[in-house]
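Counting along the sequence shown from 1, when you hit position 175 you're at 175 in UniProt numbering, and nothing is skipped either side. Take a look at the structure below.
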Amino acid sequence: MRKSFVVSLLAAGVLLAGCQAVNTTSGGAVGVQRQQYMFSMLSTDQVNQMYAQSYQQTLGEASNKGVLDKTSNDAKRVQAIATRLIAQAPQFRPDAAQWNWEVNVIKSDELNANCGPGGKIIVYTGLIDQLKLTDAEIAAVVGHEIAHALREHSREAMSKAYGVEMARQGATAFLGLGQDSVAMADAVVNYAMTLPNSRANENEADLIGLELSARAGYDPNAAITLWNKMSQASEGAPPEFMSTHPASSSRIASLQAAIPKVMPLYQAAKK
(Lines of atoms letter the chains of each structure in order from A and count residues from 1; the text may use other names and numbers.)
(Lines give C-alpha, C1' and ligand atoms only; values in the text may rest on other atoms or scores of the structure.)
Protein backbone atom coordinates (compact mmCIF):
# COMPACT_ATOMS: atom_id res chain seq x y z
CA MET A 1 0.00 0.00 0.00
CA ARG A 2 2.79 2.41 0.98
CA LYS A 3 4.76 1.70 -2.23
CA SER A 4 1.66 2.26 -4.31
CA PHE A 5 0.99 5.53 -2.52
CA VAL A 6 4.56 6.73 -3.12
CA VAL A 7 4.29 5.88 -6.82
CA SER A 8 1.05 7.81 -7.00
CA LEU A 9 2.67 10.84 -5.39
CA LEU A 10 5.64 10.64 -7.75
CA ALA A 11 3.31 10.30 -10.72
CA ALA A 12 1.37 13.35 -9.62
CA GLY A 13 4.62 15.29 -9.32
CA VAL A 14 5.77 14.23 -12.78
CA LEU A 15 2.41 15.14 -14.28
CA LEU A 16 2.40 18.56 -12.62
CA ALA A 17 5.92 19.24 -13.85
CA GLY A 18 5.51 17.83 -17.35
CA CYS A 19 1.93 18.58 -18.33
CA GLN A 20 0.37 21.59 -19.95
CA ALA A 21 -3.24 22.69 -20.04
CA VAL A 22 -4.76 22.60 -23.52
CA ASN A 23 -8.09 23.01 -25.26
CA THR A 24 -8.11 20.46 -28.08
CA THR A 25 -11.45 21.55 -29.53
CA SER A 26 -13.92 24.39 -29.48
CA GLY A 27 -17.00 23.86 -27.36
CA GLY A 28 -19.49 23.76 -30.22
CA ALA A 29 -23.23 24.09 -29.75
CA VAL A 30 -23.08 21.28 -27.16
CA GLY A 31 -20.66 23.25 -24.98
CA VAL A 32 -17.77 20.84 -24.31
CA GLN A 33 -15.37 23.06 -22.36
CA ARG A 34 -13.31 20.80 -20.06
CA GLN A 35 -9.64 21.81 -19.94
CA GLN A 36 -7.28 18.90 -20.60
CA TYR A 37 -3.75 18.24 -19.37
CA MET A 38 -1.27 16.76 -21.81
CA PHE A 39 2.27 15.57 -21.21
CA SER A 40 4.46 18.23 -22.84
CA MET A 41 6.97 15.69 -24.17
CA LEU A 42 4.22 13.76 -25.97
CA SER A 43 3.04 15.78 -28.95
CA THR A 44 -0.08 15.29 -31.04
CA ASP A 45 2.09 14.38 -34.04
CA GLN A 46 3.98 11.73 -32.05
CA VAL A 47 0.77 10.07 -30.90
CA ASN A 48 -0.68 10.21 -34.41
CA GLN A 49 2.45 8.57 -35.84
CA MET A 50 2.43 5.85 -33.18
CA TYR A 51 -1.17 5.01 -33.89
CA ALA A 52 -0.75 5.19 -37.67
CA GLN A 53 1.79 2.36 -37.46
CA SER A 54 -0.58 0.23 -35.38
CA TYR A 55 -3.44 1.03 -37.75
CA GLN A 56 -1.49 -0.05 -40.81
CA GLN A 57 -0.52 -3.27 -39.07
CA THR A 58 -4.18 -4.00 -38.34
CA LEU A 59 -5.11 -3.32 -41.97
CA GLY A 60 -2.26 -5.51 -43.19
CA GLU A 61 -3.39 -8.41 -41.03
CA ALA A 62 -6.98 -7.99 -42.17
CA SER A 63 -5.89 -7.89 -45.82
CA ASN A 64 -3.81 -11.04 -45.41
CA LYS A 65 -6.85 -12.81 -43.96
CA GLY A 66 -9.07 -11.57 -46.78
CA VAL A 67 -11.37 -9.63 -44.44
CA LEU A 68 -10.46 -6.05 -45.38
CA ASP A 69 -13.73 -4.94 -46.95
CA LYS A 70 -13.52 -2.35 -49.73
CA THR A 71 -16.48 -3.22 -51.94
CA SER A 72 -19.50 -4.42 -49.97
CA ASN A 73 -22.61 -2.35 -49.32
CA ASP A 74 -21.47 -1.98 -45.70
CA ALA A 75 -18.12 -0.59 -46.85
CA LYS A 76 -19.76 1.86 -49.25
CA ARG A 77 -22.23 3.04 -46.61
CA VAL A 78 -19.53 3.58 -43.99
CA GLN A 79 -17.29 5.45 -46.43
CA ALA A 80 -20.12 7.78 -47.52
CA ILE A 81 -21.27 8.45 -43.95
CA ALA A 82 -17.74 8.99 -42.62
CA THR A 83 -16.95 11.40 -45.45
CA ARG A 84 -19.87 13.61 -44.43
CA LEU A 85 -18.86 13.49 -40.77
CA ILE A 86 -15.19 14.22 -41.49
CA ALA A 87 -16.22 17.32 -43.44
CA GLN A 88 -17.70 18.69 -40.19
CA ALA A 89 -14.68 17.93 -37.98
CA PRO A 90 -13.02 21.35 -38.59
CA GLN A 91 -16.02 22.93 -36.84
CA PHE A 92 -14.42 21.68 -33.63
CA ARG A 93 -10.74 21.93 -34.59
CA PRO A 94 -9.60 23.54 -37.86
CA ASP A 95 -6.39 21.47 -38.07
CA ALA A 96 -8.51 18.32 -38.55
CA ALA A 97 -8.92 19.44 -42.16
CA GLN A 98 -5.24 18.54 -42.66
CA TRP A 99 -5.38 15.16 -40.96
CA ASN A 100 -4.65 12.10 -43.07
CA TRP A 101 -8.08 10.57 -42.52
CA GLU A 102 -8.59 6.91 -43.38
CA VAL A 103 -11.80 4.88 -43.31
CA ASN A 104 -11.81 1.08 -43.47
CA VAL A 105 -14.26 -1.72 -42.83
CA ILE A 106 -13.28 -5.16 -41.58
CA LYS A 107 -15.48 -8.23 -42.03
CA SER A 108 -15.95 -9.61 -38.54
CA ASP A 109 -18.74 -10.65 -36.18
CA GLU A 110 -17.20 -8.26 -33.67
CA LEU A 111 -19.52 -5.46 -32.56
CA ASN A 112 -16.94 -2.72 -32.61
CA ALA A 113 -15.75 0.51 -34.22
CA ASN A 114 -13.07 3.04 -33.43
CA CYS A 115 -11.36 6.17 -34.65
CA GLY A 116 -7.78 6.38 -33.48
CA PRO A 117 -5.55 9.44 -33.17
CA GLY A 118 -5.17 11.37 -36.39
CA GLY A 119 -8.47 10.18 -37.87
CA LYS A 120 -7.90 6.45 -38.46
CA ILE A 121 -11.35 4.86 -38.60
CA ILE A 122 -12.25 1.15 -38.51
CA VAL A 123 -15.79 -0.23 -38.46
CA TYR A 124 -16.48 -3.95 -38.07
CA THR A 125 -19.34 -5.38 -40.10
CA GLY A 126 -20.77 -7.20 -37.09
CA LEU A 127 -21.74 -3.88 -35.56
CA ILE A 128 -23.75 -2.90 -38.64
CA ASP A 129 -25.26 -6.25 -39.52
CA GLN A 130 -26.06 -7.73 -36.12
CA LEU A 131 -27.55 -4.51 -34.75
CA LYS A 132 -29.17 -3.68 -38.11
CA LEU A 133 -27.94 -0.11 -37.94
CA THR A 134 -29.52 2.62 -40.04
CA ASP A 135 -27.33 5.21 -41.76
CA ALA A 136 -28.12 7.68 -38.98
CA GLU A 137 -27.14 5.11 -36.32
CA ILE A 138 -23.86 4.41 -38.13
CA ALA A 139 -23.29 8.17 -38.16
CA ALA A 140 -23.95 8.26 -34.42
CA VAL A 141 -21.34 5.63 -33.62
CA VAL A 142 -18.73 6.90 -36.11
CA GLY A 143 -19.34 10.49 -34.97
CA HIS A 144 -18.81 9.38 -31.38
CA GLU A 145 -15.52 7.74 -32.35
CA ILE A 146 -14.35 10.76 -34.35
CA ALA A 147 -15.07 12.89 -31.29
CA HIS A 148 -12.64 10.79 -29.22
CA ALA A 149 -9.94 11.52 -31.81
CA LEU A 150 -10.73 15.25 -32.00
CA ARG A 151 -10.54 15.53 -28.21
CA GLU A 152 -7.30 13.47 -28.19
CA HIS A 153 -8.60 11.24 -25.43
CA SER A 154 -5.91 8.66 -26.23
CA ARG A 155 -3.14 11.23 -25.82
CA GLU A 156 -4.75 12.33 -22.58
CA ALA A 157 -4.77 8.74 -21.27
CA MET A 158 -1.20 8.25 -22.46
CA SER A 159 -0.12 11.43 -20.64
CA LYS A 160 -1.42 9.99 -17.38
CA ALA A 161 0.18 6.64 -18.09
CA TYR A 162 3.54 8.28 -18.83
CA GLY A 163 3.42 9.96 -15.43
CA VAL A 164 2.98 6.61 -13.72
CA GLU A 165 5.68 4.86 -15.78
CA MET A 166 8.18 7.69 -15.30
CA ALA A 167 7.58 7.67 -11.58
CA ARG A 168 8.29 3.95 -11.53
CA GLN A 169 11.41 4.16 -13.64
CA GLY A 170 12.80 7.32 -12.11
CA ALA A 171 14.03 10.60 -13.55
CA THR A 172 16.31 8.85 -16.06
CA ALA A 173 13.21 8.12 -18.14
CA PHE A 174 13.29 11.76 -19.18
CA LEU A 175 16.65 11.33 -20.88
CA GLY A 176 17.18 10.13 -24.45
CA LEU A 177 15.38 7.40 -26.31
CA GLY A 178 17.19 4.34 -25.00
CA GLN A 179 15.75 0.87 -24.87
CA ASP A 180 14.11 1.49 -21.51
CA SER A 181 12.34 4.58 -22.85
CA VAL A 182 11.20 2.79 -25.99
CA ALA A 183 9.89 -0.12 -23.91
CA MET A 184 8.11 2.36 -21.68
CA ALA A 185 6.52 4.04 -24.70
CA ASP A 186 5.28 0.69 -26.00
CA ALA A 187 3.83 -0.17 -22.61
CA VAL A 188 2.11 3.19 -22.35
CA VAL A 189 0.57 2.91 -25.84
CA ASN A 190 -0.80 -0.56 -25.12
CA TYR A 191 -2.06 0.53 -21.73
CA ALA A 192 -3.75 3.72 -22.86
CA MET A 193 -5.33 2.31 -26.03
CA THR A 194 -7.08 -0.54 -24.20
CA LEU A 195 -8.36 1.30 -21.13
CA PRO A 196 -12.07 1.94 -20.75
CA ASN A 197 -12.87 5.57 -21.41
CA SER A 198 -13.69 7.72 -18.41
CA ARG A 199 -17.24 8.90 -17.89
CA ALA A 200 -16.12 12.46 -18.70
CA ASN A 201 -14.52 11.36 -21.97
CA GLU A 202 -17.55 9.30 -22.92
CA ASN A 203 -19.87 12.23 -22.29
CA GLU A 204 -17.70 14.50 -24.43
CA ALA A 205 -17.65 11.98 -27.28
CA ASP A 206 -21.41 11.55 -27.03
CA LEU A 207 -22.04 15.30 -27.23
CA ILE A 208 -19.53 16.15 -29.96
CA GLY A 209 -20.54 13.07 -31.94
CA LEU A 210 -24.16 14.16 -31.66
CA GLU A 211 -23.31 17.57 -33.10
CA LEU A 212 -21.14 16.14 -35.87
CA SER A 213 -24.01 13.87 -36.95
CA ALA A 214 -26.51 16.73 -36.90
CA ARG A 215 -24.22 19.02 -38.91
CA ALA A 216 -23.72 16.21 -41.43
CA GLY A 217 -27.48 15.90 -41.90
CA TYR A 218 -28.17 12.80 -39.80
CA ASP A 219 -31.04 12.75 -37.31
CA PRO A 220 -29.47 13.12 -33.84
CA ASN A 221 -32.28 11.03 -32.34
CA ALA A 222 -30.48 8.02 -33.85
CA ALA A 223 -27.98 8.24 -30.98
CA ILE A 224 -30.77 7.18 -28.62
CA THR A 225 -31.79 4.16 -30.69
CA LEU A 226 -28.11 3.23 -31.15
CA TRP A 227 -27.41 3.08 -27.43
CA ASN A 228 -30.66 1.24 -26.78
CA LYS A 229 -29.46 -1.41 -29.24
CA MET A 230 -26.03 -1.45 -27.57
CA SER A 231 -27.64 -1.95 -24.15
CA GLN A 232 -29.71 -4.85 -25.45
CA ALA A 233 -26.63 -6.44 -27.04
CA SER A 234 -24.67 -6.17 -23.79
CA GLU A 235 -27.22 -8.23 -21.85
CA GLY A 236 -25.60 -11.38 -23.22
CA ALA A 237 -21.86 -11.49 -23.85
CA PRO A 238 -20.89 -7.79 -23.79
CA PRO A 239 -19.68 -6.60 -27.20
CA GLU A 240 -16.05 -5.53 -27.54
CA PHE A 241 -17.19 -1.94 -28.04
CA MET A 242 -18.58 -1.87 -24.50
CA SER A 243 -15.25 -2.83 -22.92
CA THR A 244 -13.74 0.52 -23.85
CA HIS A 245 -17.04 2.44 -23.94
CA PRO A 246 -18.75 1.43 -20.71
CA ALA A 247 -22.48 2.03 -20.56
CA SER A 248 -23.76 4.67 -18.17
CA SER A 249 -27.28 4.90 -16.82
CA SER A 250 -27.15 8.65 -17.47
CA ARG A 251 -25.90 8.40 -21.07
CA ILE A 252 -29.27 8.39 -22.84
CA ALA A 253 -30.61 11.11 -20.55
CA SER A 254 -27.61 13.30 -21.35
CA LEU A 255 -28.08 12.74 -25.08
CA GLN A 256 -31.77 13.51 -24.88
CA ALA A 257 -31.02 16.76 -23.07
CA ALA A 258 -28.53 17.78 -25.78
CA ILE A 259 -30.66 16.94 -28.83
CA PRO A 260 -32.57 20.26 -28.76
CA LYS A 261 -29.23 22.11 -28.96
CA VAL A 262 -28.26 20.39 -32.21
CA MET A 263 -31.65 19.92 -33.84
CA PRO A 264 -31.46 23.35 -35.57
CA LEU A 265 -28.13 22.26 -37.10
CA TYR A 266 -29.73 19.07 -38.41
CA GLN A 267 -32.69 20.97 -39.83
CA ALA A 268 -30.37 23.47 -41.54
CA ALA A 269 -28.28 20.64 -43.01
CA LYS A 270 -31.40 18.97 -44.42
CA LYS A 271 -32.50 22.07 -46.36
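Ideal Cβ placement from N, Cα and C applies to all residues, glycine included.
I need the straight-line Cα distance from residue i to residue j, nearest angstrom please.
i	j	result
Ala-87	Tyr-266	15 Å
Asn-48	His-153	12 Å
Pro-117	Arg-151	9 Å
Ala-200	Val-67	34 Å
Met-50	Lys-132	33 Å
Thr-44	Tyr-218	30 Å
Leu-226	Ile-106	20 Å
Thr-125	Val-103	13 Å
Arg-77	Ala-136	11 Å
Ser-234	Gln-53	31 Å
Ser-63	Gln-79	18 Å
Met-230	Glu-202	14 Å
Ala-269	Ala-97	19 Å
Trp-99	Leu-59	19 Å
Lys-271	Pro-264	11 Å
Gln-130	Ser-250	25 Å
Give every residue of the same chain whose Cβ lies closer than 7 Å to the Cβ of residue i, excluding the five residues on either side of it in the sequence, and list them in chain order.
i	result
Ile-224	Ile-252, Leu-255 and Gln-256
Val-30	Leu-207, Ile-208, Leu-210, Glu-211, Ala-258, Lys-261 and Val-262
Trp-101	Ile-86 and Gly-119
Asn-221	Ile-259
Ile-128	Asp-74 and Ile-138
Cys-19	Tyr-37, Met-38, Phe-39, Ser-40 and Ser-159
Ala-82	Val-103, Ile-121 and Val-142
Where DSSP assigns a beta bridge to residue i, which residues make up the other side?
i	result
Gln-20	Met-38
Val-32	DSSP output for Val-32 lists no bridge partner at all.
Ala-113	Val-123
Ser-104	Strictly speaking, residue 104 in this sequence is Asn, with Ser absent from that position. Looking at the DSSP assignment, Asn-104 forms a beta bridge with Ile-122.
Ignore the nearest five residues each way along the sequence and tell me which others in residue i's own chain have a CB closer than 6 Å to its CB.
i	result
Arg-84	Ala-216
Gln-46	none
Val-123	Val-78, Val-105 and Ala-113
Please work out which residues of its chain come closer than 8 Å, Cβ to Cβ, to residue i, disregarding the five sequence neighbours upstream and downstream, and give them in chain order.
i	result
Leu-42	Arg-155, Met-158, Ser-159 and Tyr-162
I'd like to check one pair, residue j with residue i: are the Cβ atoms closer than 8 Å?
i	j	result
Glu-61	Ala-113	no
Thr-134	Phe-92	no
Ile-121	Val-141	no
residue 330	Gln-35	The shown model of the chain, from 1 to 271, leaves out residue 330, and the question about it has no answer.
Ala-205	Ala-147	yes
Cys-115	Ala-89	no
Starting from the N-terminal side, write out each stretch of the alpha helix (DSSP H) that is 4 residues or longer and does not extend beyond the segment 40-77. 44-64
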